[in-house]
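Visitor: Every position in the sequence shown, counted from 1, becomes a number in this note's numbering once 2 is added.
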Amino acid sequence: MSGNEPPGEADAAVSRLSSGMRDIARLDDYRLDDYRPDDHRSRPEGNPDAPSAVPPRDASERKPTPAPEPLWREALGERLRAHRTDRGETLTQTADRAGVSPQYLSEMERGLKEPSSEMIAAVAGALGLSLLDLVGDVARHLVASTGRATSSAPQLLATAA
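Here it is, written out as structure tokens:
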């Protein structure tokens, strides 16, 4: 609307906009996972732009979504921080022994960095752990937190034990 329309056209444009906003508000009641392809109910007669008449699914019909697995860097960081705090050390103390900056170690612990195997080994060594000990610990905590093991997890856990 440019403001130059005759009064009747401006009112009609406002009415169309209001109608469109009501349609959008009704769409908030529906979810994408509520769509059922086998439900062929049509849209209201004469209005192809109206929302579908498919009601939301009952919660009992929805499949539970499994929790996503944590990212490796997040799981690793959680275990690094746990080992460091169990030893009663500060970031600076552990970082100095590992040869990394405290900021970098903090980012590793928060799962923000994807560290190289050399960095992981250096920090593990600074915490008095072998790389195998650390990886086994991360694997055990992943299995415990997700409740599911991968096909290689039992072999890894047996090796680390």
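All C-beta atoms, glycine included, are put in the ideal place defined by N, C-alpha and C. Fair warning: this is a prediction, and the values are worked out from it, not measured in the lab.
1. Going by other Cβ atoms of all chains shown within 10 Å of its Cβ, with 16 needed for buried, is residue 11 buried or exposed?
2. Does the distance from the CB of residue 129 to the CB of residue 85 come in under 8 angstroms?
3. In angstroms, rounded to a whole number, what distance separates the CA positions of residue 148 and residue 78?
4. What is the rounded straight-line gap between the Cα of residue 2 and the Cα of residue 113?
5. Can you give me the C-alpha to C-alpha distance between residue 139 and residue 89, rounded to a whole angstrom?
6. Express the C-alpha separation of residue 66 and residue 146 in angstroms, rounding to a whole number.
7. Are the beta-carbon atoms of residue 82 and residue 97 separated by less than 8 angstroms?
8. As a quick exercise: from 13, 99 and 116, pick the residue whose alpha carbon is nearest that of residue 131.
9. Using 10 angstroms around the beta-carbon of residue 141, count the other beta-carbons present and answer buried if the total reaches 16, otherwise exposed.
10. In whole angstroms, what is the alpha-carbon distance linking residue 115 and residue 73?
11. Assign residue 1 to one of three DSSP states: helix, strand, or coil.
12. If you drop the 5 nearest sequence neighbours on each side, which residues of the same chain put their C-beta closer than 8 angstroms to that of residue 143?
13. How long is the line joining the alpha carbons of residue 95 and residue 87, rounded to whole angstroms?
14. My understanding is that residue 123 touches residue 102, with C-beta atoms under 8 angstroms, so please give their C-beta distance in whole angstroms.
Guide: In this structure, then:
1. With fewer than 16 Cβ atoms within 10 Å of its Cβ, residue 11 is classed as exposed.
2. yes
3. So the two alpha carbons sit approximately 15 angstroms from each other.
4. Since the first and last residues shown for the chain are 3 and 163, residue 2 lies out of range.
5. 16 angstroms
6. So the alpha carbons of these two residues sit roughly 20 angstroms apart.
7. no
8. It is 99.
9. Residue 141 should be labelled buried.
10. 11 angstroms
11. Because the chain is modelled from 3 through 163, residue 1 falls outside the range shown and cannot be assessed.
12. 77, 80 and 81
13. 11 angstroms
14. Contact flag wrong, Cβ pair sits at about 12 angstroms.
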